[in-house]
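Asker:
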Amino acid sequence: MSTIVFGSDGRKLTLGGMLGKGGEGAVYHVHEAGDLAVKIYNPGRAFERKAKILAMTSAALHKTTDIVAFPIDTVSDKSGMFMGFSMKKVAGFKNIHELYGPGSRRTEFPSADARFLVRSAFNLANAFAAIHSTGCVVGDVNHSGILVSNQAMVTLIDSDSFQFNKGPEVYRCAVGVPDYTPPELRGADFEKVVRMANHDNFGLAVLIFQLLFLGRHPFAGKHLGLGDIDIPTAIGDHRFAYSACRAETRMEPPPLTPALGDFGKEVSDAFESAFGKSGDLPGGRPNATSWVQILGKVEKGLLECSADKSHAYFRSSSCPWCRLEKSMGRSLFAAKISSTVSTLNIGDLIALINRPAPPNQPPAPESIIAVPYLTRSPVAVSFSRGKQLAFFASVAGLLIGIFLANQLNGFWGAALVIASIIMMIRSRRPAEEFRVELQAATAAWEEKKKIWEEHAGPAVFLKRKSHYLSLASAHGKLPEQERERLAELERKKRDLQFRSHMQGHLISRAKIAGIGQSRTVTLSSFGFDSAWDVKTRSVLAVPGIGPKKADALANWSSSVEKKFVFNSHIATDPQAINEVKTDIARQRADLEGELRRAPDELKELLDTASELRRNPPPQLVEAYVRLKQVQMDIG
5 MSTIVFGSDG RKLTLGGMLG KGGEGAVYHV HEAGDLAVKI YNPGRAFERK AKILAMTSAA
65 LHKTTDIVAF PIDTVSDKSG MFMGFSMKKV AGFKNIHELY GPGSRRTEFP SADARFLVRS
125 AFNLANAFAA IHSTGCVVGD VNHSGILVSN QAMVTLIDSD SFQFNKGPEV YRCAVGVPDY
185 TPPELRGADF EKVVRMANHD NFGLAVLIFQ LLFLGRHPFA GKHLGLGDID IPTAIGDHRF
245 AYSACRAETR MEPPPLTPAL GDFGKEVSDA FESAFGKSGD LPGGRPNATS WVQILGKVEK
305 GLLECSADKS HAYFRSSSCP WCRLEKSMGR SLFAAKISST VSTLNIGDLI ALINRPAPPN
365 QPPAPESIIA VPYLTRSPVA VSFSRGKQLA FFASVAGLLI GIFLANQLNG FWGAALVIAS
425 IIMMIRSRRP AEEFRVELQA ATAAWEEKKK IWEEHAGPAV FLKRKSHYLS LASAHGKLPE
485 QERERLAELE RKKRDLQFRS HMQGHLISRA KIAGIGQSRT VTLSSFGFDS AWDVKTRSVL
545 AVPGIGPKKA DALANWSSSV EKKFVFNSHI ATDPQAINEV KTDIARQRAD LEGELRRAPD
605 ELKELLDTAS ELRRNPPPQL VEAYVRLKQV QMDIG
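495 is the number that the numbering used here gives to position 491 of the sequence shown; each next residue is one higher, with no gaps.
1. Does the CB of residue 285 have a neighbour CB from chain B at under 9 Å?
2. Is DSSP giving residue 546 helix, strand or coil here?
3. Can you look up residue 196 in the DSSP assignment and give me helix, strand or coil?
4. When we look at the beta-carbon of residue 619 and count the other beta-carbons within 10 Å, is it buried (16 or more) or exposed?
5. Ends of the beta strand (DSSP E) at residue 151?
6. May I ask you to report which of helix, strand or coil DSSP gives residue 481?
7. Give me whichever residues DSSP pairs with residue 501 in a beta bridge.
8. To the nearest angstrom, how far is it from the Cα of residue 232 to the Cα of residue 146?
9. Here's the rule: buried if 16 or more other CB atoms are within 10 angstroms of the residue's CB, otherwise exposed. What is residue 258?
10. Over the uninterrupted alpha helix (DSSP H) stretch that includes residue 104, give me the two end residues.
11. Helix, strand or coil, according to DSSP, for residue 235 in the structure here?
12. Which residue wins for smallest C-alpha separation from residue 226, given the options 273, 545 and 591?
13. Excluding the 5 residues preceding and the 5 following residue 548 in the sequence, name in chain order all residues of the same chain whose CB lies nearer than 7 Å to its CB.
14. To the nearest angstrom, how far is it from the Cα of residue 617 to the Cα of residue 461?
15. Can you name the residues that DSSP bridges to residue 86?
16. Residue 122: buried (16+ other C-beta within 10 angstroms of its C-beta) or exposed?
17. Does the Cβ-Cβ distance between residue 77 and residue 86 come in under 9 Å?
18. Do residue 57 and residue 75 count as a contact pair if the criterion is CB distance below 9 Å?
19. Got a sec? Which residues, its chain only, sit under 6 Å from residue 192 by beta carbon, not counting five neighbours each side?
20. Is residue 476 closer than 9 Å to residue 354 when the C-beta atoms are compared?
21. Please name the residue in 91, 204, 540 and 165 whose C-alpha comes closest to that of residue 287.
22. From what residue to what residue does the alpha helix (DSSP H) around residue 120 run?
23. Going by the CB atoms, is the gap between residue 218 and residue 106 shorter than 9 Å?
24. Runs of 3 residues minimum, wholly inside the region 152-195: which ones carry the beta strand (DSSP E) assignment?
25. Is it the case that the Cβ atoms of residue 631 and residue 449 are separated by a distance below 9 Å?
26. So, under 8 Å CB-CB, residue 596 and residue 348 are touching, yes? Tell me the CB distance rounded to an integer number of Å.
27. Does DSSP classify residue 260 as helix, strand or coil?
28. Kindly give me the distance between the Cβ atoms of residue 534 and residue 509, rounded to whole angstroms, as I take these residues to be in contact under 8 Å.
29. Please report the distance separating the alpha-carbon of residue 170 from that of residue 594.
30. Considering residue 564, what are the terminal residues of the alpha helix (DSSP H) in which it resides?
31. Pick out whichever of 331, 635 and 268 has its Cα sitting closest to the Cα of residue 303.
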């Protein structure tokens, strides 16, 4: 028998099937109005919520924005007892964590690409801006109350938990999720705390970060100090794992993640402000309107990857998604092969590469350097005079010593002869400082000479030419490589089905002993989303996952594995085929991008070789002149 409730105006509403259920109550379809839903509180909860819902409906918040499912009207039973409220029905939307998690995105948002994530982040910020404009504060910011459509539209539910003011009365938000709670509210009693928009701004920044950074939590990283740190503790200590202030945070991001700068300096600065200590101050974090402006600029500045149209990146020198997928060995988005037809004729290009002859062997650089007139340096002249005096003195000493040895005292005469000979030998040697200078000058000259000979002669030209010819050869082998890889997919159909089966079972949807929401977020931040990830990699590298939790995850993964049944009649996974084609297209685009530069670079190398012969560079001339000067100083 259907339950019937009544609006404040006596309108009858017949409840249909359940849309969802939470800790406070359940949400139902309404037979009489397809665009409405009704939330019925659990016994004991309705009385607690009545005053707040009456205040929200009397304020007509639902008329201020379509982005939030605000209460429209109160509903009561036939005796007039308050039971809940009606609101707009949200259909065609999915939980936001299904979008930012790579594993769930594969199935729940198969057409979502990098641009879609940025648009969703923009719309999320816009939704928070709309909420704050009503005077409400979300308070309990978390992924479960935020929904996204296949058009990247964002809506918020559970609005009855928002903090709402009416006159002097503050209807607080009495709950919060630690992973989205700002540092200044850590350990606070939410039933007594008055939330501010700046508190929401922290949770908003976390959600935006998760959308842009593949579901990674900004405070899930590797602690560089002693022991592991969980996410709530890292938040309380302002240990933003991606911060440029690593010496202060003592954290580093997990492997295989986008870099903080991949979305531009304005985005990285905004995250630093949102997660740094200054954010704790009133108004210290970027607000929702600021994020709308920042993300709007990012969206307008996105470039489409030439190899994969599902990749869009912000004014980088290269596509970060290609870089990550290459390292991970898997696609982050449903690949969209570029339809752009290559206009590069490899045969013509090879002919252009082979056409120019390499430079001849260069002449000896000494023969083309005009050495200026050199004289001995003042230091060398002074030193030489001293050497001459020492030489003459040693000659005199030698003669006197010989005389003494023969005529007067044999011992002292012999000693003087030996000392004079030593002085004479030393007077003919260059000083230690001159020997060091000669070695340095010779080494510098040989280094500059080698570089000049390589660029003025054929060495560098031939090396680059060989490089480009090898790229052209690799380009020509791509069609055969694609055929071989597609044939390999067919041969490994069972393996592919097994992998798809394991990837379809997500940690976030499983009940695993010791793995709660916070651990799930940490695991996801380190790339562990599915049973496949657990099977193929060691979870012990994840902070906070010890042997006991690792065993629980392994047991769950094994249980998923046992449920696999191979079906030989199922065609090869289209996504696996698409990934191969996309990878080949990406390789082709990369090769062609570099090959197009070949003719110009080779011509430039030829021009450089000619110029180096005509006009030896100043560094070469200076090195040679320095060497000749030192040689002259030594004499």
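Virtual Cβ for every residue (Gly too), placed ideally from N, Cα, C. Predicted model only: the values in this text are computed from it and were never measured.
Answerer: In short, the structure shows the following:
1. Checking the listed chains, one finds no chain B in this structure; it contains a single protein chain.
2. coil
3. coil
4. exposed
5. 150-153
6. coil
7. Partner(s): none; residue 501 has no beta bridge.
8. 24 Å
9. buried
10. 100-104
11. helix
12. 545
13. 232, 234, 523 and 526
14. 9 Å
15. 80
16. buried
17. no
18. yes
19. none
20. yes
21. 204
22. 118-137
23. yes
24. 158-160, 168-170 and 173-175
25. yes
26. 5 Å
27. coil
28. 6 Å
29. 60 Å
30. 551-566
31. 268
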